[in-house]
Amino acid sequence: KTLGIIGKTGSGKSTILELITRSYDITTGSIHLGNKELTSYDLPSLRSFISYVPQNSFLFSDTIIENIKFGNFKATKDDVNRVSENSSIHSDISRFRDKYETLLGERGVNLSGGQIQRITIARALLKKSKILILDDCLSSVDAKTERNILSQIKKTKRDETVIIVSHKISSIMHADLIIVLDKGIIIQKGTHKELLSTDGFYKKFY
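Okay, structure coming up:
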């Protein structure tokens, strides 16, 4: 299923993701994944089945295709084309003179912010993962492109857990469950429809 997480800056959204990926461990309580405590997984195996697109996407000084294949070096050109279509970046790449062989500057300086985000989403989609995490990584794309990407993710990631953190309700409104955070505490949870029918942060923010 898909989980949407929303809240003010500093409410704890990114902290949840850092705990899931074990950037650091909790000191009290427990987190379970597949009925096993998270700390029982060794880091390489845990992270092998997580695809994570951070807020500040990083691209290497290499070709576009190699940047995308960083998610799965065994992927074919057809695989790369498919995930690029799903992340709405294929048509942009096709307009470049060298297409997928276009050489990028460090951190993708010759691309727009939206193009960088969509390439890193394609990279994450190429990785065979059980959990896909999108950490406010649609902030630089327009509303129509955002809808297309989220629609494709919903179609192609039916057997995976998708976690979307965003400052925009449009990014999470179709999630199966939405949680609203404030100062590290869940203050509301439910579907978009349920949250709109209740007075509180979500309805006011909407």
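Numbers 9 to 214, taken from our numbering, label the letters of the sequence shown in order. C-beta atoms are modelled at their ideal positions from N, C-alpha and C, and glycine is treated no differently. Remember, predicted model here, so these are calculated numbers, not experimental data.
Own chain partners of residue i with C-beta closer than 7 Å, once the 5 adjacent residues on each side are dropped
| i | result |
| --- | --- |
| Lys-21 | Ile-13, Gly-15, Val-173 and Leu-189 |
| Arg-55 | Thr-29 |
| Lys-211 | Leu-203 and Leu-204 |
| Asp-33 | Thr-47 |
| Tyr-214 | Ile-177 and Leu-204 |
| Lys-107 | Ile-101 |
| Glu-154 | Leu-146, Ser-178 and Ser-179 |
| Lys-165 | Leu-140 |
| Phe-57 | Ser-137, Lys-138 and Ile-139 |
Residues bridged to residue i [DSSP beta-bridge criterion]
| i | result |
| --- | --- |
| Gln-196 | Val-188 |
| His-182 | None; His-182 has no bridge partner. |
| Glu-45 | His-40 |
Bounding residues of the alpha helix (DSSP H) (the contiguous stretch that carries residue i)
| i | result |
| --- | --- |
| Ser-59 | No alpha helix (DSSP H) contains Ser-59, which is instead part of the beta strand (DSSP E) from 58 to 61. |
| Leu-27 | 21 to 28 |
| Ile-161 | 151 to 164 |
| Lys-176 | That residue, Lys-176, is in no alpha helix (DSSP H); it is neither H nor E in DSSP. |
| Tyr-210 | 209 to 213 |
Same chain, Cβ closer than 8 Å to residue i, five either side skipped, listed in chain order
| i | result |
| --- | --- |
| Lys-51 | Looking at the sequence itself, residue 51 is Leu, so the reference to Lys does not match. Cβ neighbours of Leu-51 beyond the five flanking positions: Arg-30. |
| Phe-78 | Phe-68 and Arg-131 |
| Asp-100 | Gln-123 and Arg-126 |
| Glu-109 | Thr-71, Ile-72 and Ile-73 |
| Lys-135 | Ser-59, Gly-79 and Asn-80 |
| Asn-156 | Ser-96 |
| Leu-112 | Leu-67, Phe-68, Ser-69, Asp-70, Thr-71, Ile-72, Asn-75, Asn-118 and Leu-119 |
| Leu-11 | Thr-169, Val-170, Ile-171, Ile-172, Ala-183, Asp-184, Leu-185, Ile-186 and Ile-187 |
Range of the contiguous beta strand (DSSP E) that encloses residue i
| i | result |
| --- | --- |
| Leu-11 | 10 to 15 |
| Ile-171 | 169 to 173 |
Contacts around residue i, its chain only, beta-carbon distance under 6 Å, and the 5 residues preceding and following it disregarded
| i | result |
| --- | --- |
| Leu-25 | Ile-141 and Asp-143 |
| Lys-9 | Asp-184 |
| Glu-114 | Ser-69 |
| Ser-19 | Leu-189 and Asp-190 |
| Val-91 | Ala-130, Leu-133 and Leu-134 |
| Gln-63 | Asp-143 and Asp-144 |
Practice item. Let me know the beta strand (DSSP E) ranges lying completely inside the segment 63 to 144, each 3 residues or longer, listed in chain order. Key: Listed in chain order, they are 139 to 143.
Check your understanding: Counting Cβ pairs, one atom from each stretch, are 3 or more of them under 8 Å apart for the segment 144 to 159 and the segment 118 to 133?
Key -> Contact between the segment 144 to 159 and the segment 118 to 133 is present, with at least three C-beta pairs closer than 8 Å.
**Study point:** the segment 129 to 145 contacting the segment 189 to 200, beta-carbon criterion three pairs below 8 Å
**Key:** Counting Cβ pairs under 8 Å, fewer than three are found: no touch.
Point to revise | Inter-stretch contact at 8 Å, needing at least 3 Cβ pairs: the segment 37 to 56 / the segment 83 to 101 | key: The segment 37 to 56 vs the segment 83 to 101: no contact.
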